[in-house]
Amino acid sequence: MQFQNIYTLFRSQTAKYGNTSVFFTRSGNGWESQTWLEFEDKVNDLACAFLAKGLTKGASVAILAGNIPEWSICDLAAIAAGGVGVGIYPTSSTEQCEYVINHSDAEFVIVDSIVQLQKVESIATGFTKVRQILCIEDGGFADFLNTGRSNRAELLPQIEAAATQAGSDDTAIMVYTSGTTGQPKGAMLSHRYVLNSVESLQRSVPIFESDKAISYLPGCHVAERISGIYNRLYNGTPAYFIDDLSKLYEYMLEIKPTVFASLPRFFEKIHASVVSQKGAEYVTSQDVKDAFGGEIRLLTSGGAPLPLEIANFFKRHELPILQAYGLTENICVAFNTVTEHRFGTVGKAMPMCEIKIASDGEILIKGEMMFSGYYKEPEKTTEMFDADGWLKTGDLGELDTDGYLKITGRKKEIIVLSSGKNVAPALVENYVKESHIVSHCFLFGDGHSYCVALITLNQLEAKGLDDIKVKAAIDAIVEKANARVSGPEKIKKYVILDDDFSVERYEITPTMKLKRNVVAANYKEVLEKLYE
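Quick look at the structure:
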């Protein structure tokens, strides 16, 4: 580990890159840039303001914002002031916001818009530790920065002195898990976790100061926080911020990124667009590159399985999508690399991480990028490790003879049929979701003699198809999926739902993971009819 803590890394990079651009945001018809030195000034001003207003050492700063440079500024300023940065999804309900703010003992809450400010203010009487709520849009944040600037002469030396004392095992940031069962847990991530993670990424799929990246995923998600914000900081890579996802493709063609990370669904859309324009047999490698602006050199994916059809298409056109696997508790577990990749797997163990498979098929990991525990929940922390100190991921998988890891399901989601047979739902669900027309698939069967499914449609792909054609398409998809699994795993009956699962009904998390118990409860009558 080259640096003792994140702040020393930050100051090293701002000194190195100075007046070169680090952030780009949309302004009119062009892009407005910020330099590394401007970045440093804002972080230092904000950190001084936190101290001037009494931030307690180790207390958290909650950030409720979209994809804007201020996300990184707030996170780093919290760390510089001796606090802990905590992200909240912009789509979170008032109830979810209140839980994270109070559970994390946040003393400051920073929001990006009047809308988010109104959301937070509506629950402010329930806050237990909050000293101040700051809004970027209404000018309150700028005033707060001015407070820090006016106190910089006195407080910045304190910050710089404290930076030399901050230990690598001190908590730097906190990431709240998605909460597929119960309330989310606050995973404490140390300076060591962050710095070893970005070093592991650099050794696996390096990015450089000459690259151009796009930031459009939520900063509160561990993937964007580590492989986005801090990976770019570590490598000096500039980023273009897109806060309006409807503009992602349009802006991407302008930006011409050289590196790009996304969920598989985005790559499926690119594939469909290129093929529909050119015809599959006429698509060239340059056509595929041009779909990303023309300068792309590296594509990575995670969060869901990448359909083999999509993987093979991009590989065939000299732009393989490198799939990765990680979790909040240890983000850098496995990665396919440019020189070593095997589709259908998530790659080999990353540097500073070990993988083994338990006797029941669960993936176990050890490494130098391990979380420090769940905030205020020591019992749940203990439950995450086996007797030998291996982290229990909760995922099921297989290691092939060359060390490539394949994810086969979730241990906690195992369906136990009335016959006693165990079924991992993710396997068949993912086979069904390989089709572009399917948005979600939910397999059910606990206590019953066979499995049934609830299927939702990707409305863009299903547009223009009548009910008969949709039913025929789904029949074929289910038949194909059933052919790839054993008898007990097959879908015997299914229903196509009118509406997709939603965050608002708590059926999926902000990261699109199914909350199985909620879906089962919300569609109890529908599921029961499938067993009549």
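In the working numbering, the protein residues as written are -1 to 530.
Glycine included, C-beta positions come from ideal geometry on N, C-alpha and C.
The structure presented is a predicted model; accordingly, all values stated were derived computationally and were not measured.
In terms of alpha-carbon separation, which member of the options lies closest to residue i?
i	options	result
Gly443	Ile405, Pro349, Pro486, Val82	Pro486
Asp400	Gly345, Lys51, Thr12, Ala518	Gly345
Pro318	Lys287, Asn42, Gly301, Val84	Lys287
Leu394	Ala270, Ala385, Lys354, Phe369	Lys354
Phe239	Ser208, Pro182, Ala422, Ile212	Ile212
Ile171	Thr326, Cys439, Asn27	Thr326
Ala63	Thr54, Ser102, Phe37, Val107	Val107
Glu505	Leu463, Gly462, Lys527, Leu452	Leu452
Leu246	Leu231, Ile268, Arg230, Pro236	Ile268
His542	Leu187, Glu307, Ala78, Cys133	In the structure displayed, the chain extends from -1 to 530; residue 542 sits before or after that span and is not available.
Glu352	Trp388, Arg514, Val426, Gly165	Trp388
Gly292	Tyr214, Tyr249, Met382	Tyr249
Met368	Phe265, Phe37, Thr169	Thr169
Ile466	Pro216, Ala47, Ile494	Ile494
Tyr521	Ala460, Thr454, Ile472, Thr507	Thr454
Indicate the three-state DSSP secondary structure (helix, strand or coil) for residue i in the structure shown.
i	result
Ile77	helix
Leu44	helix
Glu93	helix
Glu396	strand
Asn531	A query on residue 531 cannot be resolved here, the shown segment of the chain reaching from -1 to 530 and no further.
Gly445	coil
Val84	strand
Ala170	strand
Glu105	strand
Ala332	strand
Phe125	coil
Ala259	strand
Tyr406	First, the amino acid is wrong: residue 406 is Thr here, not Tyr. In the structure shown, Thr406 sits in a strand (DSSP, three-state: E or B).
Gln181	coil
Tyr504	coil
Leu317	coil
Gly324	strand
His269	helix
Looking at the strands, I want to know which residues DSSP matches up with residue i.
i	result
Glu30	Thr23
Ser213	Phe239
Gly419	Note that residue 419 is Lys in the sequence shown, not Gly. In DSSP, Lys419 forms no bridge with anything.
Tyr372	Ala185
Gln130	Phe106
Gly365	Cys351
Taking C-beta to C-beta, are residue i and residue j nearer than 9 angstroms?
i	j	result
Val173	Val220	yes
Thr18	Thr33	yes
Phe258	Phe290	yes
Pro303	Asn428	yes
Pro67	Pro216	no
Ala60	Gly28	no
At a cut-off of 8 angstroms, would you count residue i as near the ligand GTP, judging by its Cβ distance to the nearest heavy atom?
i	result
Tyr492	This structure simply doesn't include the ligand GTP, nor any ligand for that matter.
Are the region 401 to 417 and the region 220 to 232 touching by the rule of at least three beta carbon pairs closer than 8 angstroms? Short answer: they don't touch.
Taking contact to mean at least 3 C-beta pairs separated by less than 8 angstroms, is the region 42 to 55 in contact with the region 138 to 145? Segments in contact, yes.
Taking three-plus beta-carbon pairs below 8 angstroms as touching, is the region 119 to 127 in contact with the region 91 to 108? Yes, since at least three Cβ pairs between the region 119 to 127 and the region 91 to 108 fall closer than 8 angstroms, the two stretches touch.
Stretch pair the region 143 to 157 + the region 291 to 309: three plus CB contacts closer than 8 angstroms: Counting C-beta pairs with one atom in each stretch, the region 143 to 157 and the region 291 to 309 have fewer than three that are closer than 8 angstroms, which means they do not touch.
Contact the region 155 to 163 vs the region 65 to 85: 3+ CB pairs below 8 angstroms: Inter-segment contact for the region 155 to 163 and the region 65 to 85 is present: three or more beta-carbon pairs are separated by less than 8 angstroms.
Taking contact to mean at least 3 C-beta pairs separated by less than 8 angstroms, is the region 108 to 117 in contact with the region 126 to 136? Counting Cβ pairs under 8 angstroms, three or more are found: they touch.
Pairs of beta-carbons, one from the region 228 to 238 and one from the region 464 to 484, closer than 8 angstroms: are there three or more? No contact exists between the region 228 to 238 and the region 464 to 484.
Would you call the region 361 to 378 and the region 182 to 198 touching, i.e. three or more CB-CB distances under 8 angstroms? Flag = yes, the region 361 to 378 and the region 182 to 198 touch.
When you compare the region 447 to 462 with the region 415 to 428, are there three or more beta-carbon pairs, one atom per stretch, that lie closer than 8 angstroms? Touching, yes.
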